[in-house]
Amino acid sequence: MSKSERTGKIQTVLGLIEPDDLGVTLAHEHSLIDMEIYLSMPEEATERWYVDQPVTMEILGGLMKRLFHNKDVVKLIDEKHQAEELYKYYLSGGNSLVDTTSIGIARDPLALTRMSRATGLNIVMGASYYVPLSYTDEIHEKSEQDITDSIIKDVTVGVKETGVKSGIIGEIGNFWPTNETSRKILRASAHASVETGAAISIHPGGHPDALLQHLNDVMEAGADPTRVIMGHLDVFRYSPEVVKEIAETGATLEFDRFGSENTNFAEGGLDIDFPSDVQRIERIEQLIDWGYEDQIVVAQDVCLKTDLVSHGGGGYVHILDSIIPRMRRRGFSSETIDKILIENPKRVLTFK
Ligand SMILES: [Zn+2]
């Protein structure tokens with residue numbers, strides 16, 4: 028299929044759709060995922076008790092500060108259970124989601140087609156590579172052109188022999204300080220975006236300088252910044268001024284961890300300071316005041332068992348059930364909410 032046949036459409040795992048059929052959309056979720064790459068073995072004997080325990084009420088309290096010391100919590104691999112969780116989002120008015128599971132965290136194209144049919148949701152599948160922890164030796168050797176070609180194939184022909192096509196390039200995983208392989212992948216993703224017309228979704232490194240660095244890398248390789256979604260703006264410590272610099276380029280600003288308010292200090296874990304949902308909403312209000320309401324998208328980035336409704340989390344439905352009513356109470360207009368949930372995702376996901 029040529030670029031022109033995708034131009035002006037959105038590509039889901041079940042095929043092309045008209046942008047007006049996208050509806051309410053979460054811009055960054057994981058229907059299925061395996062984040063085993065983040066696991067580490069604690070030194071202390073009693074800490075090791077947590078490693079092989081299933082996630083149950085008995086361990087839940089202690090687990091929240093040991094999320095990357097437990098093998099069960101980092102896996103969402105039960106298709107039937109995940110479909111039930113996704114269906115709650117459909118029942119609350121959801122229509123679509125971007126599944127940003129990329130290579131390295133167990134992307135599963137055929138399962139996504141089954142889950143799309145089971146739930147009635149449009150699912151837009153990701154492409155490209157997750158963070159350096161997940162890189163295989165092969166990727167360091169591969170040329171920029173080979174990586175570009177493989178991403179283009181995922182978008183235009185389909186992943187492996189499945190025939191299931193990616194509708195977005197990402198999440199492209201980065202770390203800070205960045206490295207040459209990550210930058211090569213960013214450039215290859217940019218070339219593939221230019222070639223196919225697909226948007227790019229970036230998981231930035233957790234440092235204020237990372238955002239502009241990644242954006243410059245893809246722009247220097249030819250990507251249009253208005254085709255880039257900068258993710259995790261509410262996960263790492265980015266000042267409002269840094270986010271504003273990104274906004275100035277025309278990139279889409281993604282607040283994608285609604286529902287995650289873990290205040291535990293995770294020793295040895297990632298350098299993450301989660302804001303609360305109220306702080307997330309306040310940051311969005313600030314950006315709207317500055318005039319960027321056409322560039323904001325939201326999600327929950329469900330990726331841990333503790334994120335699921337079945338395990339005490341807000342699940343895929345948290346934004347519709349709890350955040351939108353809160354936004355309305357704080358004075359967000361229906362027009363603004365429609366932009367965040369419908370219009371902004373539609374614009375960026377539509378192939379250029
Ligand atoms: Zn993610």
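Taking the working numbering, I'd label the letters of the sequence shown as residues 28 to 379.
From the three backbone atoms N, C-alpha and C, an ideal C-beta is built for every residue, glycine too.
Item to check | Span separating the alpha-carbon of D126 from that of E309 | outcome: Between the alpha carbons of D126 and E309 lies a gap of roughly 26 angstroms.
Next on the checklist: Using a Cβ distance threshold of 8 angstroms, determine whether the region 124-144 contacts the region 83-90, with at least three qualifying pairs required.
Outcome noted: For the pair of segments examined, the region 124-144 was found not to touch the region 83-90: the number of CB pairs separated by less than 8 angstroms stays below three.
Item to check | DSSP three-state assignment for I132, whether helix, strand or coil | outcome: Here DSSP, grouped into helix, strand and coil, assigns I132 to coil.
Item to check | Alpha carbon of G121 to alpha carbon of R210, nearest angstrom | outcome: The straight-line gap separating the alpha-carbon atoms of G121 and R210 is approximately 35 angstroms.
Checklist entry - Going by C-alpha distance, which of D316, Q306, P372, V51 is nearest L118? => result Nearest option by C-alpha distance: V51.
Next on the checklist: ligand 1 and T127: does the residue's C-beta get closer than 7 angstroms to at least one heavy atom of that ligand?
Outcome noted: The nearest non-hydrogen atom of ligand 1 is less than 7 angstroms from the C-beta of T127.
Checklist entry - Taking just the CA atoms, how far does L103 sit from W203? => result Between W203 and L103, the C-alpha separation is close to 26 angstroms.
Checklist entry - Within 7 angstroms: the Cβ of E198 and any heavy atom of ligand 1? => result Judged by the Cβ position, E198 qualifies as a neighbour of ligand 1 at the 7 angstroms threshold, a heavy atom of the ligand being closer than this.
Checklist entry - Just how far apart, CA to CA, sit V191 and E70? => result Across the structure, V191 and E70 are spaced so that their CA atoms are roughly 43 angstroms apart.
Checklist entry - Is F359 closer than 8 angstroms to V325 when the C-beta atoms are compared? => result Taking the C-beta atoms as reference points, F359 is found no nearer than 8 angstroms to V325.
Next on the checklist: Give me, in chain order, the residues of the same chain whose beta-carbon lies closer than 6 angstroms to that of E106; leave out the 5 immediate sequence neighbours on both sides.
Outcome noted: Scanning its chain for C-beta atoms nearer than 6 angstroms, with the 5 sequence neighbours on each side dropped, one finds around E106 the residues A138, in chain order.
Checklist entry - What do you reckon, are the CB atoms on N206 and P159 nearer than 8 angstroms? => result Contact flag set, yes.
Next on the checklist: Run through the DSSP bridge pairs and tell me what Y343 is partnered with.
Outcome noted: In DSSP, Y343 forms no bridge with anything.
Checklist entry - By the 10 Å Cβ neighbour count, where 16 or more other Cβ atoms means buried, how is S170 classified, buried or exposed? => result It is exposed - the Cβ of S170 has fewer than 16 other Cβ atoms within 10 Å.
Checklist entry - Going by the beta-carbon positions, is the gap between I178 and A215 smaller than 8 angstroms? => result Their beta carbons are under 8 angstroms apart, which means I178 touches A215 by this criterion.
Next on the checklist: Can you tell me where the alpha helix (DSSP H) holding Q240 begins and where it ends?
Outcome noted: It spans 235-247 - the alpha helix (DSSP H) in which Q240 sits, taken as one unbroken run.
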